[in-house]
Every structure is written in C-alpha cells, then in structure tokens.
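Heads up, the thing below is written out as structure tokens.
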Amino acid sequence: MTTFDPFLRGKVESTDFCCGEQPQKPREPEVHMVPALSSPAPAWKGVAIIDLAVRDISLTEYRGKYLILIFYPYDFTFICPTEMIQFNDRIEEFHKLDCELVAISTDSQYAHLAWIVTPRKQGGLGDMKIAVLSDKNHKISRMYGVLDEREGVSLKGLFIIDRDQRIRHIAISEAALARSVDETLRILEACKFVDEFGKTCPAGPRERLANSDKTANYFST
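For the record, in the sequence shown the residue sitting at position 165 is 175 according to the working numbering, with numbers rising by one throughout.
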C-alpha cells in the first residue's frame with residue numbers, strides 16, 4: 011500500500027490546502043467553446059517530458075493511431091497523481107488498442123520533470139510511460155475549451171481522437187472527480203468497434219466488444 015510522507019499528508023489534511031481539486035464553489039457562469047464531436051481535432055504542438063527527456067511533440071505525429079488527451083489542473087496535487095499513475099500503469103492495455111496517451115496541464119516542462127522524478131510515496135509520478143505536455147501559454151487548453159480563464163489552469167477534460175484525428179469522445183468534469191481507466195478503455199474499444207464493424211456499437215461489458223461474433227446475442231430475445 012502506498013504511503014505519503016508526513017509533509018504531503020500534512021498539506022493534504024490542512025484546511026487551507028489549495029490544489030484546485032476541492033469541490034468548486036459557486037461562481038459566475040463561464041462559456042467554454044469545446045470542439046464539436048466528429049470534427050477535426052485542433053492542431054497543437056508543444057514541449058513534453060518523455061522518458062525523462064524534453065521533447066517537442068505535435069498532434070500530427072499521432073496520425074494513424076488513436077490518441078487520448080488527458081487535461082488536468084496542477085502538478086504536485088493529491089488526486090491528479092492517482093489518475094496519472096493508474097493510466098500510466100495500464101498503458102499496455104491502451105497500446106494493444108493502438109492508442110497513445112498525452113497528459114496536459116498549464117505547468118511548465120520543468121515542473122513536469124520535477125513531478126516525474128519525485129518518488130510516488132512523496133506525491134510524485136515516478137516512472138512514466140506516457141508523455142506529459144506543457145501548455146504554459148494556455149493555447150492548447152483554450153483551443154479544446156477546457157481552460158479556466160480565471161485560474162489559468164486546465165479543467166479535467168478527456169478527449170479521444172481517432173486515427174483520422176477526429177474527436178470521437180469528450181468528457182469534462184470538476185476538478186474534485188477522478189476519472190476511470192476502465193471507462194476510458196470501454197469507450198475507446200467502442201470507437202474501435204464502430205470503425206471496424208459499422209456505424210453503431212451495442213451496449214454491454216468490454217468483454218463483448220472484444221469479440222464481434224457475440225454481437226448477435228444482443229438481439230436473441
């Protein structure tokens with residue numbers, strides 16, 4: 011079981027801990043212009059940490075594969091690392107579906123690197139197999155409609171982009187809510203099923219989607 015050092019635990023348990031992941035207080039409504047489903051994904055490029063190296067990456071280099079963009083508010087917080095670690099530790103399940111993941115926040119690449127090299131028991135990410143992209147100028151978050159303009163941070167947005175770089179799925183939640191790796195995989199498999207077998211996908215557990223021969227069982231009653 012993972013334990014956190016006394017400093018991090020004290021910060022988490024303190025009443026003034028500000029990580030952007032507390033239930034959000036009422037505020038003036040904001041309009042976020044999110045790209046339309048089935049439309050081309052807005053092109054982007056930026057600096058990311060990949061295998062402890064600083065690299066320039068762009069949307070175009072992922073053409074021909076599925077791509078999941080995972081926007082999150084801050085490095086060095088309490089909920090965000092639990093999400094990133096779960097997605098990272100199950101990356102092979104995404105690779106089997108010909109999918110890559112890119113995590114994005116408005117922190118700098120140097121903050122990303124510091125977070126990655128920090129041990130997990132101290133609130134860091136540890137060994138990361140997915141790219142962690144810096145959106146320091148807020149351009150990418152704004153293009154995808156997930157920028158909190160007042161705070162200058164990304165909302166928790168998740169975008170599934172297909173091989174032709176069209177947006178197939180969008181999910182945005184408040185910062186206090188963690189995202190599910192299993193649900194993300196289910197939706198990715200549904201997208202892949204539609205691309206391979208037709209324009210619709212039956213409902214049901216992930217195991218059924220993995221075998222198209224079982225499709226007829228949905229209509230057997």
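We put the beta carbon where it would ideally sit given N, CA and C, even for glycine.
- Less than 8 Å divides the Cβ of D158 from the Cβ of L165.
- Here DSSP, grouped into helix, strand and coil, assigns C109 to strand.
- Ranking G208, C90, G74, A58 by CA distance to the CA of R130 puts C90 first.
- Boundaries of the beta strand (DSSP E) harbouring L77: 76-81, taken from the DSSP string.
- Approximately 5 Å separates the beta-carbon atoms of L143 and G56; this is inside 8 Å, confirming the contact.
- In the three-state scheme derived from DSSP, where H, G and I count as helix and E and B as strand, R152 is classed as helix.
- The C-beta of L62 has fewer than 16 other C-beta atoms within 10 Å across all chains shown, which makes the residue exposed.
- Sequence-distant Cβ neighbours of D108 in its own chain, meaning closer than 7 Å and more than five residues away, are K75, Y76.
- R178 and I171 have their C-alpha atoms some 6 Å from each other.
- Per DSSP, I140 lies in no beta strand (DSSP E) and is assigned neither H nor E.
- Nearest neighbour of K106 by Cα position, chosen from R176, F207, K202, turns out to be K202.
- Sequence-distant Cβ neighbours of G208 in its own chain, meaning closer than 8 Å and more than five residues away, do not exist here.
- Put simply, the backbone Cα of S190 is about 8 Å away from that of E93.
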